[in-house]
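Enquirer: Have a look at this one before I ask anything.
Below, the structure written as structure tokens:
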């Protein structure tokens, strides 16, 4: 089944404890991105990747890192999480950049205490 | 820069009555527009998309949207609401500035369907 998977789905952590949210797609998509969803703000892009080893900042990159060593994986790294990073995070992928439909993972709900 | 405004944060309808979710966009060129739906505790699912072909776009589950350039609108409609339509809906425009595809999301409209 073609899909985007994220792990973990739920995470409660404490300020400053490094964490990684994994994202994987099995559709051979070139383009991947991370969004965060906050009430009343819709989804905002954190980082995106147009292909392996090519990443760039989205609208709200502060406090986040990403890497794209393989085509299928695009982990989101929070080196020192803070409470304002409490949010719902979505990974998405599309065949390539452009008008292609983006497919979203199920989301990761992160709470930083 | 592209932007999207969803005119209602909450819409409530009775089952069997029409649904109208309103969306206006701002774009300096011909945009690609999407509607996504998010059911509680689920990811986002594409309902439909407009990419400069027919202005009336049909999507899944009986939804459709009409692209009106003169009004810069892309409203989502359904003739008869079903209880399972209760969800949050996002109007989205595709931004190509900077040479890459970024989705600009509206703030969302939460649709409630009452028996």
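Protein chains in written order, with our numbering: chain C, 37 to 149; chain Z, 1388 to 1502. Each residue gets a CB set at the ideal place from its N, CA and C atoms; glycine is no exception.
Please report whether the beta-carbon of residue 79 of chain C lies at a distance below 8 angstroms from any beta-carbon of chain Z.
Expert: Here residue 79 of chain C corresponds to residue number 43 of the first chain, with the count starting at 1. Output row for residue 79 of chain C: interface = yes.
Enquirer: For residue 1479 of chain Z and residue 1463 of chain Z, what's the separation of their Cα atoms in angstroms?
Expert: As a first step, residue 1479 of chain Z is located in the second chain; it is residue number 92 there, counting from the start. As a first step, residue 1463 of chain Z is located in the second chain; it is residue number 76 there, counting from the start. Taking the straight line joining both Cα atoms gives about 12 angstroms.
Enquirer: Under 8 angstroms, CB to CB, which of the residues in the region 115-127 of chain C have a partner in chain Z?
Expert: So the list reads 126, given in the order they occur along the chain.
Enquirer: Would you say residue 1441 of chain Z reaches chain C, if we count a Cβ-Cβ gap shorter than 8 angstroms as a contact?
Expert: For the purposes of this step, residue 1441 of chain Z is taken as residue 54 along the second chain, with counting starting at 1. No, its Cβ sits nowhere closer than 8 angstroms to a Cβ of chain C.
Enquirer: Quick one: which chain Z residues come within Cβ less than 7 angstroms of residue 137 of chain C?
Expert: In the first chain, residue 137 of chain C corresponds to position 101, counting from 1. Here the neighbours are 1433, 1436.
Enquirer: Hey, residue 1505 of chain Z and residue 1422 of chain Z: beta-carbon distance below 8 angstroms or not?
Expert: Here chain Z has residues from 1388 to 1502 only, and residue 1505 of chain Z is not among them.
Enquirer: Is the CB of residue 1429 of chain Z under 8 angstroms away from at least one CB in chain C?
Expert: Position 42 of the second chain, counted from the first residue, corresponds to residue 1429 of chain Z. Chain C contact via Cβ: present.
Enquirer: In this structure, does DSSP put residue 78 of chain C in helix, strand or coil?
Expert: For the purposes of this step, residue 78 of chain C is taken as residue 42 along the first chain, with counting starting at 1. Residue 78 of chain C: strand per DSSP, three-state reduction.
Enquirer: Residues of chain Z with a CB under 8 angstroms from the CB of residue 99 of chain C: which are they?
Expert: Position 63 of the first chain, counted from the start, is the residue given in the question as residue 99 of chain C. Neighbours of residue 99 of chain C on chain Z: none; closest Cβ ~19 angstroms, over 8 angstroms.
Enquirer: Comparing the C-beta of residue 1446 of chain Z with each C-beta of chain A, is any distance below 8 angstroms?
Expert: Of the protein chains in the structure, C and Z, none is chain A.
Enquirer: Give the DSSP-derived three-state secondary structure of residue 86 of chain C in the structure shown.
Expert: The residue labelled residue 86 of chain C in the question sits at position 50 within the first chain. It is a strand residue.
Enquirer: In the DSSP output, which residue or residues are listed as bridge partners for residue 63 of chain C?
Expert: Here residue 63 of chain C is taken as the residue at index 27 of the first chain, counted from 1. BP columns for residue 63 of chain C are empty, so no partner.
Enquirer: Buried or exposed, going by whether 16 or more other CB atoms sit within 10 Å of the CB of residue 50 of chain C?
Expert: If you number the first chain from 1, residue 50 of chain C lands on position 14. Residue 50 of chain C should be labelled exposed.
Enquirer: Find the residues of chain C that neighbour residue 1490 of chain Z, judging by a C-beta separation of less than 9 angstroms, and give them in chain order.
Expert: Locating residue 1490 of chain Z in the second chain gives position 103, counting from the first residue. Ordered by position in chain C, the residues that pass the 9 angstroms Cβ test against residue 1490 of chain Z are 69, 71, 79, 81, 128, 138.
Enquirer: What does residue 1403 of chain Z touch in chain C if you count any residue whose Cβ is under 7 angstroms from its own?
Expert: Residue 1403 of chain Z sits at position 16 when you count from the first residue of the second chain. Ordered by position in chain C, no residue passes the 7 angstroms Cβ test against residue 1403 of chain Z, which lies about 29 angstroms from the chain.
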